[in-house]
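Q: One structure is given below, represented as structure tokens, and several questions about it will come after.
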């Protein structure tokens, strides 16, 4: 390699050159390096090392509670079934966007191995390993399939994810006895609520966004009013409306459960934000698309359904995936109205006199759970964004 | 459109777009009215069943609620309305402070993130990624439960700068306990008003100098220090007036260690500090990303062009980078600020008496859920609609126009 733009120094001692350029190029840079070394030292001695000396029995004893709440033990296989399903399509989706497994898959693998080594029953630990196998297995199964067929399978798989999970986890009698929603809790509840809120807020948000862009004055003003009303107030007030006002507003005898009340608040809130995101997507479509469709004698409705929406939704996939992370984070607020989600369960664990001192450990553990989930999902959205961005560029 | 409009009578009703739209709107309006009136009727029915008629008269009644901190004086005999006002002031004050500090911290982190230094860059990345991927509520709970509640009680508080006075009192300059932070502070004394007047005069003089300098710069074309000189003038005049005034305008307020509590000084409660620091940490990570995107969005050619025109480094930033980055930065920044004001409502989880926490308490006490939620939504909505209106106006002004 004889690069004319490289100095002799750079060619001879690349490592030394790199260190000099990135850490000690000027006096200020050197000071910054020393300062950040000091910060790293503080971080290591004051916060990382003490973690090992903490007493982690509170996590070991309550791991099942944190992950699934008081979901009956003999029915836990249903949760595993849903995880298998999700892992299968996760792996396929990653194959769709890349040839080699991305880093996030290895991160997820490490987390799964960590859980498999925890104090669970043997069957559950085996199931964790199965999930790992499915995750990577489906990645390689997917490479055998044709691209068009693969994308069809993936889209249907993800659309069916929510009904599948709800059906399996709630059950409908027979071989799957009904598990009441007040038994759901922990990570399971957080994930289900945020997943549902994304799935339901997409169509509602789409209607609101179309209404807001409509030329009909009344429809437009009603939609603007709803969107701005919801976006203008904190999520917790919307949750309180669902919690306190909704049971009054519905006819007598309907009496929705706390789960439904919390869910309706979260869905309402996210629909408004989804509507704004979709409006942004609709604005991004060039006018020429509408004009071309009109000149092909397509009616406005047909233009919307066949020309505009497919483009918008395709562009919105990364945004949708990313909004799942914000939904997951926002869902933590349902603990304030008394749901036992990931945060709510920590309060109830710590209120047990046996584990009074464990609040820091529980919160730290939950924080790392949130981090792993949200981080891997947001990275997945970046991967998807890159992939989808490339295709649109080629088509142009 | 050069098409001649066809005769109206020839178009059937269902194919005339205009009429169809009117019909659709009419049906839509009727549907909305029917649904809203049904819901409202149900609410009124269920309320009247438990003997309640929606009215805002309870706002004037005594609250019977004690709240831990307030800017205006409030006790359990003051009216509900006064309590709401106090909660509103708490929300406004904490969000104002949090916005200022998180912007500063966010700017620092954005600069670290853009630095060429490898270590500091990676530290900033780690900070941003961790904070952005955990919920704010968890952050608040970690501050409150895992930090403040683990601290020793007031008797074994961590104390700095302890001095024993003659009267057997123990004075201290800083203390940290599970009730919060107490520290020495300067408070305006009884003779504060003359000083305030002097400061106002100094401010006016400084502004006048600034206008004069700007005028001279426009007139002569020579560069003037428009910001620096007036600022120095303001600080200098204020200090001189403070020294010259016969009575000290500020007095030292030093906390005193009592048997069961620490009195005097500036007391920051654990709840306030948890909410404040949680908000700052959380928001600064998002603000840092906004700043970074804004600065990185400027094409490199712009900076190179500015440098080749002979602009200095600072001038490149002031005249080339900031005006262009501003367009990208301000809309998302405004929505972050709005988010701070809304996120203060999470104080309810750690017992900080902000607007929403007080609303919750009043609902529990009086059972007036409908009225209180309407009221609190109206307050939050007015706050954010004002900002949103300005933002939309600004946004439509800077939006790239197509054809």
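Residue numbers (my numbering), protein chains in the order written: chain A, 204 to 599; chain B, 12 to 414. Built from N, CA and C at the ideal position, the CB exists for glycine as well. Please read these numbers as outputs of a predicted model, since none were measured by experiment.
Would you call the segment 247-254 of chain B in contact with the segment 127-135 of chain B, where contact means no fewer than 3 C-beta pairs closer than 8 Å?
A: no
Q: Shorter than 8 Å from the beta carbon of residue 406(A) to some beta carbon of chain B?
A: Indexing the first chain from 1 puts residue 406(A) at position 203. Not an interface residue.
Q: Hey, would you say residue 351(B) sits closer than 8 Å to residue 110(B), going by beta carbons?
A: Looking up residue 351(B) in the second chain gives position 340. Looking up residue 110(B) in the second chain gives position 99. Contact flag set, yes.
Q: Here's a check: name, in chain order, each residue in its chain whose Cβ is nearer than 8 Å to the Cβ of residue 214(B), leaving out the five neighbours to either side.
A: Against the second chain, residue 214(B) aligns to sequence position 203. The answer, listed in chain order, is 245.
Q: Could you tell me whether the Cβ of residue 333(A) comes closer than 8 Å to any Cβ of chain B?
A: In the first chain, the residue the question calls residue 333(A) occupies position 130. Not closer than 8 Å to any Cβ of chain B, the Cβ of residue 333(A) fails to qualify, so no.
Q: Below 8 Å between beta carbons: does that hold for residue 403(A) and residue 470(A)?
A: Locating residue 403(A) in the first chain gives position 200, where the first residue counts as 1. Locating residue 470(A) in the first chain gives position 267, where the first residue counts as 1. The answer is yes: Cβ separation under 8 Å.
Q: Pairs of beta-carbons, one from the segment 324-334 of chain B and one from the segment 56-69 of chain B, closer than 8 Å: are there three or more?
A: no
Q: For residue 533(A), is the classification buried or exposed, using 16 other Cβ atoms within 10 angstroms of its Cβ as the cut-off for buried?
A: Walking along the first chain from the start, residue 533(A) turns up at place 330. So residue 533(A) counts as buried.
Q: Using a C-beta cutoff of 8 Å, does residue 22(B) count as contacting chain A?
A: On the second chain, residue 22(B) is found 11 positions in, with the first residue counted as 1. With 8 Å as the cut-off, residue 22(B) does not count as an interface residue toward chain A.
Q: Here's the rule: buried if 16 or more other CB atoms are within 10 angstroms of the residue's CB, otherwise exposed. What is residue 173(A)?
A: Chain A is shown from 204 up to 599; residue 173(A) falls before or after that span and cannot be answered.
Q: Is it the case that the Cβ atoms of residue 536(A) and residue 432(A) are separated by a distance below 8 Å?
A: The residue labelled residue 536(A) in the question sits at position 333 within the first chain. The residue labelled residue 432(A) in the question sits at position 229 within the first chain. Against a cut-off of 8 Å, the Cβ pair of residue 432(A) and residue 536(A) comes out as no contact.
Q: Of all the beta strand (DSSP E) runs that stay within the bounds of the segment 227-266 of chain B, which reach a length of 3 or more residues?
A: 261-264
Q: Check whether the segment 289-297 of chain B and the segment 145-154 of chain B are in contact - that is, three or more C-beta pairs closer than 8 Å.
A: Taking 8 Å as the limit for Cβ pairs, the verdict is that the segment 145-154 of chain B does touch the segment 289-297 of chain B.
Q: What does the alpha-carbon distance come out to for the pair residue 394(B) and residue 331(A)?
A: The residue labelled residue 394(B) in the question sits at position 383 within the second chain. The residue labelled residue 331(A) in the question sits at position 128 within the first chain. Looking at the two C-alpha atoms, the distance is approximately 49 Å.
Q: Any Cβ of chain B within less than 8 Å of the Cβ of residue 425(A)?
A: Along the first chain, one-based indexing puts residue 425(A) at 222. Yes, because at least one Cβ of chain B sits closer than 8 Å to the Cβ of residue 425(A).
Q: Using a Cβ-Cβ cutoff of 7 Å, what residues of the segment 434-447 of chain A are near chain B? List them in chain order.
A: 435, 436, 437, 439, 440, 443, 444 and 447
Q: Quick one: residues in its chain with C-beta nearer than 8 Å to the C-beta of residue 89(B), no 5 flanking neighbours on either side, listed in chain order?
A: As a first step, residue 89(B) is located in the second chain; it is residue number 78 there, counting from the start. Excluding sequence neighbours, residue 89(B) sits near 73 and 74.
Q: Would residue 436(A) and residue 392(B) be called neighbours here (beta carbons separated by less than 8 Å)?
A: By 1-based counting over the first chain, the position of residue 436(A) is 233. By 1-based counting over the second chain, the position of residue 392(B) is 381. Taking 8 Å as the Cβ cut-off, residue 436(A) and residue 392(B) qualify as a contacting pair.
Q: Report the residues of the segment 544-576 of chain A with a CB closer than 7 Å to any CB of chain B, ordered along the chain.
A: 546, 562, 563, 566, 569, 570, 573 and 574
Q: Count the other CB atoms within 10 Å of the CB of residue 366(A); is the residue buried (16 or more) or exposed (fewer)?
A: As a position in the first chain, residue 366(A) is number 163, starting the count at 1. Its Cβ having fewer than 16 others within 10 Å, residue 366(A) is exposed.
Q: In chain order, what residues of the same chain lie with their CB nearer than 6 Å to the CB of residue 80(B), ignoring the 5 residues before and after it?
A: Residue 80(B) sits at position 69 when you count from the first residue of the second chain. Once the five neighbours on either side are set aside, the close Cβ partners of residue 80(B) are 280.
Q: List the residues of chain B that residue 532(A) touches, going by C-beta distances under 7 Å, in chain order.
A: Residue numbering aside, residue 532(A) sits at position 329 when the first chain is read from its first letter. Within 7 Å Cβ-Cβ: 146.
Q: Return yes when the Cβ of residue 345(A) is within less than 8 Å of the Cβ of residue 396(A), no when it is not.
A: Numbered from 1 along the first chain, position 193 holds the residue referred to as residue 396(A). Numbered from 1 along the first chain, position 142 holds the residue referred to as residue 345(A). Cβ atoms of residue 396(A) and residue 345(A): not closer than 8 Å.
Q: Determine, using beta carbons only, whether residue 460(A) and residue 445(A) come nearer to each other than 8 Å.
A: Locating residue 460(A) in the first chain gives position 257, counting from the first residue. Locating residue 445(A) in the first chain gives position 242, counting from the first residue. Their beta carbons are not under 8 Å apart, which means residue 460(A) does not touch residue 445(A) by this criterion.
Q: Does chain A have any CB closer than 8 Å to the CB of residue 348(B)?
A: Sequence index remark: in the second chain, residue 348(B) carries index 337 (1-based). For residue 348(B), the answer is no, since every Cβ of chain A falls outside 8 Å of its Cβ.
Q: Can you tell me whether DSSP reads residue 513(A) as helix, strand or coil?
A: Position 310 of the first chain, counted from the first residue, corresponds to residue 513(A). Note: residue 513(A) maps to helix in three-state DSSP.
Q: Taking C-alpha atoms, which residue in 122(B), 101(B), 260(B) and 235(B) lies nearest to residue 209(B)?
A: In the second chain, the residue the question calls residue 209(B) occupies position 198. Considering only alpha carbons, the answer is 260(B).
Q: Using only CA atoms, which one of 193(B), 36(B) and 84(B) lies nearest to residue 171(B)?
A: On the second chain, residue 171(B) is found 160 positions in, with the first residue counted as 1. Measuring from the Cα of residue 171(B), the nearest candidate turns out to be 193(B).
Q: Thinking C-alpha only, which one of 244(A), 245(A) and 273(A) is nearest residue 552(A)?
A: Counted from its first residue, the first chain places residue 552(A) at position 349. The candidate whose alpha carbon is nearest that of residue 552(A) is 273(A).
Q: Please list the residues of the segment 28-48 of chain B that have a C-beta atom closer than 9 Å to any C-beta atom in chain A, keeping them in chain order.
A: 28, 32, 33, 35, 36, 37, 39, 40 and 43
Q: Just how far apart, CA to CA, sit residue 401(B) and residue 486(A)?
A: What you label residue 401(B) is simply residue 390 of the second chain in a count that begins at 1. What you label residue 486(A) is simply residue 283 of the first chain in a count that begins at 1. Cα atoms of residue 401(B) and residue 486(A): separation of roughly 20 Å, rounded to the nearest angstrom.
Q: So, residue 262(A) versus residue 548(A), is the Cβ gap smaller than 8 Å?
A: Locating residue 262(A) in the first chain gives position 59, counting from the first residue. Locating residue 548(A) in the first chain gives position 345, counting from the first residue. Cβ atoms of residue 262(A) and residue 548(A): not closer than 8 Å.
Q: In the DSSP assignment, what are the bridge partners of residue 278(A)?
A: In the first chain, residue 278(A) corresponds to position 75, counting from 1. According to DSSP, residue 278(A) bridges with nothing at all.
Q: Quick check: is the beta carbon of residue 599(A) nearer than 8 Å to any beta carbon in chain B?
A: For the purposes of this step, residue 599(A) is taken as residue 396 along the first chain, with counting starting at 1. Any reading at residue 599(A) must be qualified, since the residue scores a pLDDT of 32, below 50, and its modelled position is unreliable; the value itself is stated next. Cβ-Cβ to chain B under 8 Å: no for residue 599(A).
Q: For residue 356(A), decide whether its Cβ has a neighbour in chain B, counting only Cβ atoms nearer than 8 Å.
A: Taking the first chain and counting its residues from 1, one reaches residue 356(A) at position 153. Not closer than 8 Å to any Cβ of chain B, the Cβ of residue 356(A) fails to qualify, so no.
Q: Give me the residue from 286(B), 379(B), 164(B) and 136(B) with the minimum Cα distance to residue 101(B).
A: By 1-based counting over the second chain, the position of residue 101(B) is 90. Comparing Cα positions, the closest option is 286(B).
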